[in-house]
Structures are given as C-alpha cells and as structure tokens.
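Quick note: the sequence shown uses my numbering, first residue 90, plus one each step.
Don't be surprised by glycine CBs; every beta carbon is placed ideally from N, CA and C.
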Amino acid sequence: MIDSNAGNGNDQKIAIANACSHGGVHSVNPNLVKIDFSSNVNPLGISKKVIHSLQKNAGLISSTYPDPECKDLRKKLCDYLGKDLDPEWITVGNGATEIIHNFARTFVRNKVVIPAPTFCEYELASKRMGANILFAP
Numbered sequence: 090m091i092d093s094n095a096g097n098g099n100d101q102k103i104a105i106a107n108a109c110s111h112g113g114v115h116s117v118n119p120n121l122v123k124i125d126f127s128s129n130v131n132p133l134g135i136s137k138k139v140i141h142s143l144q145k146n147a148g149l150i151s152s153t154y155p156d157p158e159c160k161d162l163r164k165k166l167c168d169y170l171g172k173d174l175d176p177e178w179i180t181v182g183n184g185a186t187e188i189i190h191n192f193a194r195t196f197v198r199n200k201v202v203i204p205a206p207t208f209c210e211y212e213l214a215s216k217r218m219g220a221n222i223l224f225a226p
C-alpha cells in the first residue's frame, strides 16, 4: 500500500491535480488526450434530431425549480424496479462526482482504502474530508 500523505504537501497537490484532470476542454490539460471519457460530451456536437426534439418539446419544460430531494423521481424508480424498495434508499445526484463527494461527506472519517488504479474523485473527496488514504493495488 502507498501512503498518499507522505512527502511535501505542495508536491502532493500538484500530483493530484495532474492525475485528476477531467472535464473536456475545461480540464488541466485539454490537449493531453484526443478522446476524453471523463466527461459526458459529444465531440461531434448536438445532433439535428436532438435540436429538433428540444424545439418541439420546449413547452413541456417546467418553469419551477426542481425538487432538490427528487422525491417523484425516487418514487418512480421504486415503482419501475417493481421491488419492495423505500425511496429513501435511492440516492440521486448530478453525476458520479457529486454522489462520491456526498458519500465522503457522510461516511468518511479517519482512514480510507482506495483500490488503484481508479477514478481520481475517490481520492479528492477523501482528502477534502481529511482522511488518511491508503492505496491498495
């Protein structure tokens, strides 16, 4: 296992920033890779069919702010799955990164073991919570 807290703090921050660059053209180095699977973008742009569908259905878009607890969505997911599920058991987020950070804020305390290699947000979320991180190969 590797202790991520060893060494100079600045070196560590630079290494994390370089290892965790994702987000398409907004990343630390957008020229580093040709295809970026770390963000949900289409390099070809929006299809004409999607634009047409958006224009056709624009009137169906709600004019109110969405429910921050996503109660209707969680209930419909339970109904769709057809199981005896409680909507409270379902977590909804704006992508995996938000859910990972919410999980860390809720559960991370002193030590965290992270399998490596993996998505860098596990490390970033754990570090923000002040955890001592051990990487397991």
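Sub-7 angstroms separation of residue i and residue j beta-carbons
| i | j | result |
| --- | --- | --- |
| Ala225 | Ile189 | no |
| Glu210 | Thr180 | no |
Nearest to residue i (by Cα), restricted to the options the options
| i | options | result |
| --- | --- | --- |
| Arg198 | Cys209, Trp178, Gly219, Glu210 | Gly219 |
| Gly50 | Asp173, Lys145, Asp175, Phe192 | In this structure the chain extends from 90 to 226, so residue 50 is not present and cannot be described. |
Sequence-distant residues of its chain with Cβ nearer than 8 angstroms to residue i (five each side left out)
| i | result |
| --- | --- |
| Pro176 | Lys160, Arg163, Lys164, Leu166, Cys167 |
| Phe208 | Ala185, Ile189 |
Residue i to residue j span [Cα, whole Å]
| i | j | result |
| --- | --- | --- |
| Pro204 | Val130 | 27 angstroms |
| Pro206 | Trp178 | 29 angstroms |
| Lys184 | Glu158 | A quick correction: the sequence has Gly, not Lys, at residue 184. When rounded, the distance between both Cα atoms is 15 angstroms. |
| Pro155 | Val201 | 34 angstroms |
| Asp92 | Ile222 | Because the pLDDT at Asp92 is just 47, under 50, the model does not fix this residue reliably, and the value given afterwards should be weighed accordingly. Their Cα atoms are separated by approximately 6 angstroms. |
Cutoff 7 angstroms: residue i Cβ touching any chain D Cβ
| i | result |
| --- | --- |
| Pro226 | Absent from the structure: chain D. Only one protein chain is present. |
Nonlocal neighbours in the same chain, by C-beta distance under 6 angstroms from residue i, ignoring five residues either side
| i | result |
| --- | --- |
| Asn97 | The predicted position of Asn97 is uncertain, since its pLDDT is 49 and thus under 50; no value can be drawn from it. |
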